[in-house]
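According to the numbering used here, the sequence shown is numbered sequentially starting from 529.
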Amino acid sequence: MNIAKDLKEFKQYSLENIFSNRIKKFQQLMKFKIREILLVSSIYDNYLFEEDGRLYEMIRREYQNLNLSQAPEIIHVTTGMEALDLLGNENEFDLIIVTLHIEDMHPTALARMIKEKGIKTPIMLLAYDNKERKDLMLNYDTSIFERIFVWSGDYHLLLGMVKYIEDKLNVDSDTKTIGVQVIILVEDNVRFYSSYLPLIYTEIFKQSQRLISEGVNITHRYLRMRARPKILLCTNYEEAWECYQKYEEYVLAIILDNNFKRGGQRDPEAGLKFAAEVKKHHKDIPILIQTSDQTIAEKAEEVGASYLLKNSPRLLYDLRKFMMSHFGFGDFIFKTPGGKEVARASNLKELAKELKKIPDESLLYHAEGNHFSKWLKARTEFWLAHQLRPRKVSDFASTEELRKGLITAINSYIYDRSRGVVSDFDKDSFDPHNSFARIGGGSLGGKARGLGFINSLIANYNIGELFKDTKIFVPSSIILGTDVFDSFMEENNLEIFALNETDDTAITRRFTEAPYFPGDIKEELSEFIDLVNIPLAVRSSSLLEDSQFQPFAGVYRTYMLPNNHPDKEKRLTELLRSIKAVYASTFHQKAKDYMKATSYRLEEEKMAVIVQKLIGKERNGRYYPNLAGVAKSYNFYPVPPQKSEDGIALVALGLGKTVVEGGNAVRFCPRYPKHLLQFFSTKETIKNAQQSFFALDLNEHLHPKPDEISDLLVKEYNLEEAEKDGTLYAVGSTYSPENDAVYDGVSREGIRVVTFAPILKHNIFPLPEILNLLLGLGTWGMGTSIEIEFAVNLDTPKKEPKEFAMLQMRPLVINREMEELSVDEYKKKDLICYSDKVLGNGLTENIFDIVVVDIHKYDRGKSKEVANEISRLNTKLIEAEKPYVLIGVGRWGSLDPWLGIPVTWDQISGAAAIVESGFKDFNVTPSQGSHFFQNLTSFKVGYFTVNSFSKIGYIDWDWLLKQRIVEELEFTKHIAFNKPVSVKINGHKNKGVITKPGR
529 MNIAKDLKEF
539 KQYSLENIFS
549 NRIKKFQQLM
559 KFKIREILLV
569 SSIYDNYLFE
579 EDGRLYEMIR
589 REYQNLNLSQ
599 APEIIHVTTG
609 MEALDLLGNE
619 NEFDLIIVTL
629 HIEDMHPTAL
639 ARMIKEKGIK
649 TPIMLLAYDN
659 KERKDLMLNY
669 DTSIFERIFV
679 WSGDYHLLLG
689 MVKYIEDKLN
699 VDSDTKTIGV
709 QVIILVEDNV
719 RFYSSYLPLI
729 YTEIFKQSQR
739 LISEGVNITH
749 RYLRMRARPK
759 ILLCTNYEEA
769 WECYQKYEEY
779 VLAIILDNNF
789 KRGGQRDPEA
799 GLKFAAEVKK
809 HHKDIPILIQ
819 TSDQTIAEKA
829 EEVGASYLLK
839 NSPRLLYDLR
849 KFMMSHFGFG
859 DFIFKTPGGK
869 EVARASNLKE
879 LAKELKKIPD
889 ESLLYHAEGN
899 HFSKWLKART
909 EFWLAHQLRP
919 RKVSDFASTE
929 ELRKGLITAI
939 NSYIYDRSRG
949 VVSDFDKDSF
959 DPHNSFARIG
969 GGSLGGKARG
979 LGFINSLIAN
989 YNIGELFKDT
999 KIFVPSSIIL
1009 GTDVFDSFME
1019 ENNLEIFALN
1029 ETDDTAITRR
1039 FTEAPYFPGD
1049 IKEELSEFID
1059 LVNIPLAVRS
1069 SSLLEDSQFQ
1079 PFAGVYRTYM
1089 LPNNHPDKEK
1099 RLTELLRSIK
1109 AVYASTFHQK
1119 AKDYMKATSY
1129 RLEEEKMAVI
1139 VQKLIGKERN
1149 GRYYPNLAGV
1159 AKSYNFYPVP
1169 PQKSEDGIAL
1179 VALGLGKTVV
1189 EGGNAVRFCP
1199 RYPKHLLQFF
1209 STKETIKNAQ
1219 QSFFALDLNE
1229 HLHPKPDEIS
1239 DLLVKEYNLE
1249 EAEKDGTLYA
1259 VGSTYSPEND
1269 AVYDGVSREG
1279 IRVVTFAPIL
1289 KHNIFPLPEI
1299 LNLLLGLGTW
1309 GMGTSIEIEF
1319 AVNLDTPKKE
1329 PKEFAMLQMR
1339 PLVINREMEE
1349 LSVDEYKKKD
1359 LICYSDKVLG
1369 NGLTENIFDI
1379 VVVDIHKYDR
1389 GKSKEVANEI
1399 SRLNTKLIEA
1409 EKPYVLIGVG
1419 RWGSLDPWLG
1429 IPVTWDQISG
1439 AAAIVESGFK
1449 DFNVTPSQGS
1459 HFFQNLTSFK
1469 VGYFTVNSFS
1479 KIGYIDWDWL
1489 LKQRIVEELE
1499 FTKHIAFNKP
1509 VSVKINGHKN
1519 KGVITKPGR
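Below, the structure is given as structure tokens:
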């Protein structure tokens, strides 16, 4: 595929279109809302209306109970002139209600004066006496009023009046936008519709509330409330027929009187005639005739309509029953043509499940009657309903094909509906293969937000299916919101202890043994464990993690679980213990030291937790992916023809621990994947190649009371084990000592080395192309350079696509590298250090201290001791608030102590600039895969790479080691100056200098 072309096409979409999915269409509904009502009435009428001042409170409570938007404000005036003054002063009212008793003018006169002022606000007349209302309609032209209603003392009437206007003004847009359904109510008896319309609205709101539980998250659920059916009130045959013809495609049901005007004359059977005409066009539209005529039963049955007696004491009960059975608000009840119930479904998942089992005669009966699409529309599943309705039973070759087609359409819709959104966890709708759901309130945390964002990009641009035989996705996950963390901390009284304790193991033990965990959350995790029985990764997602300027990369813990114990309760216990251990890592010393170097306080940090399916496959008791790695859209060390914007990737066999902790990995530019400079000679290939890999041990379980904070079940294995597992074929090469040559592949005898040649040179998997696309898309979407973590599973079942899983996406802080700064003006004698391989940009002054590893004393076999010495000096200098320059030997942050000094970020967090010097016999490459490297970048720490033996840069060792020593340890010295040294870096040219004091 043409990556550049595809990415260009993606970028042609505006950012608004990025979420132009079905949920966004719900947001476009109900554009017109009544927020301000002007009530014009006498004081006495208002007193009746207010019921001792309680009206607004009752209306507000009713809106709240029905989960409607904010209740409208009511402004009351007693005269027509006051009303005209308010309307003339640019007061914006959405509805005007006038009563028959106004002090200074007749209500019809006031209505005409309002219209003559060019005000288009709907005006309604509210009468308190039916006789007065009849006299008004006989003696005055009342057509100027939108509708006339009669007050009977029920405050629900105001709700009905408001929703009637909102529906009338929104119906055109909402039906066209998403296919919102319409209920036509035909009734000309003012007193009856004044009491009946509020009843129907209230019932519809209550039914809609029952349905919203199927929304994928709280936002989606409340947006679905906007999609409830519109009610259109008509008072004669012609008005009703015009309404029916205009919204024919969207009519959910018709409720009508039998006796109303037709052709200008009252027709006692107008309702029956209307029903018969509708049934000629759509037999499946339910019609309910309301009448006082008890002899109508036979005639209603002939036209295919139902009926209710207006005077029945069970009217509301029967109406509710009719709506449940005919409007699709209740369960879908599978019946035979004879009416016998054979099954029922309360949601889409159950519908698909029952479709597999019901008899053919029931399936055909419902399909021929369009019952499925009608039920779906009532539940606001318009897209699926519109997919099903045009298809006829005759379009399918057999009943079995029809059955499969329905099940496939429903399951595909369920999958599509949840793609790209963070849903609320529900055991009935959670898909163990594709869902991304939350448990508990509060924030998702930074890492989960990044995952949610890339999940939405993948879904909205169909990235998942762009590459043949490869699925790109975010692994199925649940996220525990920060409210769970708050509750856990508060109920167990952990905060003061955690803030003051300095022993990480003691903190972890106290947290994992804490007795309280929210019961409802534990229950949902238990349901999750029921659904998912493959290995899990329990990962941190703090509020500050992966933020734009302080990413907190690698500061908190991740734990991996086999999740394979035969006892479900044991699996739940292990999961809870791991979650608690992640919570504990919020207060580990590494996190506390990191926080000191930021402007944040530890008390501000909160922890969400991601529980994610681990990508990989079981092999001989080990679980791991074929490969994992990180990729960055900006390369700090480009080698021509590479450009910084081409990005860089590091990959390794097995779990990503090898890469993120600085082990040997294959580094390549996705745009130039065959340019592998680390393998430029046989000798360099053997030195730089990965020698071992990490995998999850499936044969062990967590100890109930761990004494260590490390992830004990992730273990290191040699490449012989990988060969036994059959995983070297995609990443391996073979070294032949006899020929002193490295050959691609593992088909011949020899020593195995990991080079990724089968993928990068022979294209057995489109890894570079996928990374190119995702890095470009992510950079565009986030508006900044990014870093992603990923894992790949190549050994999928036959006919199943290979899997590329996105595990993380976070911003990469590089903004200062874009500025210009001159560094070529200094003479060599004035410099402590010079390099043309520098990360960073800008001028750092007022540094009086240097921590240096003595190149003459450094012992590779004691690099861990060196790291501890640096940590001691780092702590002292941080406490003294003295930034310093750190100069060392070998690769900083290396997982392999023989390659360099295995420091973690917290051990060097006070450094303002860091220098990495190479060995005489070994050309060290910077470890761009390490977490501490990412933190160096975010803290804008200058990073110099020097190797005097390879003529890369320069350090004046002779001068440096003669300066005043404040403290000398076995391998490390703390040097201080009376005058400051300066660090000056040109990020555009990757050049930098560290000047001698006062220069």
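Even for Gly, the Cβ is constructed at its ideal location relative to N, Cα and C.
For residue i, the three-state DSSP class (helix, strand or coil)
{"i": "D573", "result": "helix"}
{"i": "P1286", "result": "helix"}
{"i": "A1193", "result": "coil"}
{"i": "V1167", "result": "coil"}
{"i": "T1262", "result": "strand"}
{"i": "K1512", "result": "strand"}
{"i": "K863", "result": "strand"}
{"i": "A1217", "result": "coil"}
{"i": "M652", "result": "strand"}
{"i": "S922", "result": "helix"}
{"i": "W679", "result": "coil"}
{"i": "G791", "result": "coil"}
{"i": "S1068", "result": "strand"}
{"i": "E1095", "result": "Note on identity: in this sequence residue 1095 is Asp, with Glu being the wrong assignment. Here D1095 sits in coil by DSSP."}
Distance, residue j Cα to residue i Cα
{"i": "G1520", "j": "A1159", "result": "25 Å"}
{"i": "G980", "j": "I1360", "result": "46 Å"}
{"i": "D1121", "j": "T1283", "result": "37 Å"}
{"i": "H809", "j": "P1003", "result": "48 Å"}
{"i": "P1508", "j": "L1405", "result": "15 Å"}
{"i": "Y692", "j": "E805", "result": "26 Å"}
{"i": "R1338", "j": "K1185", "result": "17 Å"}
{"i": "H1384", "j": "Y1471", "result": "22 Å"}
{"i": "W911", "j": "Y941", "result": "9 Å"}
{"i": "L1027", "j": "L686", "result": "55 Å"}
{"i": "H1093", "j": "G968", "result": "26 Å"}
{"i": "F802", "j": "L883", "result": "35 Å"}
{"i": "Y775", "j": "N764", "result": "17 Å"}
{"i": "A1193", "j": "G1428", "result": "15 Å"}
{"i": "R848", "j": "I647", "result": "39 Å"}
{"i": "L638", "j": "I938", "result": "55 Å"}
Cβ neighbour criterion (16 or more within 10 Å) applied to residue i
{"i": "V744", "result": "Here the model assigns V744 a pLDDT of 48, short of 50, so the residue's position is not dependable and the matter cannot be decided."}
{"i": "G1047", "result": "exposed"}
{"i": "G791", "result": "exposed"}
{"i": "A1395", "result": "buried"}
{"i": "T936", "result": "exposed"}
{"i": "L1532", "result": "No answer is possible for residue 1532: it lies beyond the span of the chain, which begins at 529 and ends at 1527."}
{"i": "Y1111", "result": "buried"}
{"i": "T1030", "result": "exposed"}
{"i": "Y1087", "result": "buried"}
Sheet register partners of residue i (DSSP bridge)
{"i": "D1058", "result": "According to DSSP, D1058 bridges with nothing at all."}
{"i": "H1502", "result": "V1379, E1495"}
{"i": "A871", "result": "F862"}
{"i": "C762", "result": "V714"}
{"i": "G1182", "result": "F1222"}
{"i": "C1361", "result": "I1483, I1522"}
{"i": "S951", "result": "A965"}
{"i": "L836", "result": "Q818"}
Own chain partners of residue i with C-beta closer than 6 Å, once the 5 adjacent residues on each side are dropped
{"i": "G1149", "result": "L1226, N1227"}
{"i": "C762", "result": "V714, A768, C771"}
{"i": "P960", "result": "S1004, L1059, V1060"}
Own chain, CB closer than 8 Å to residue i, minus 5 neighbours either side, in chain order
{"i": "I1480", "result": "S1363, D1364, K1365, G1446, T1473, V1474"}
{"i": "T1500", "result": "V1379, V1380, V1381, D1382, V1394, E1397, I1398, L1401"}
Close beta carbons around residue i, own chain, < 7 Å, minus the five adjacent residues each side
{"i": "I813", "result": "V779, A781, I782, V806"}
{"i": "L1529", "result": "Here the chain has residues from 529 to 1527 only, and residue 1529 is not among them."}
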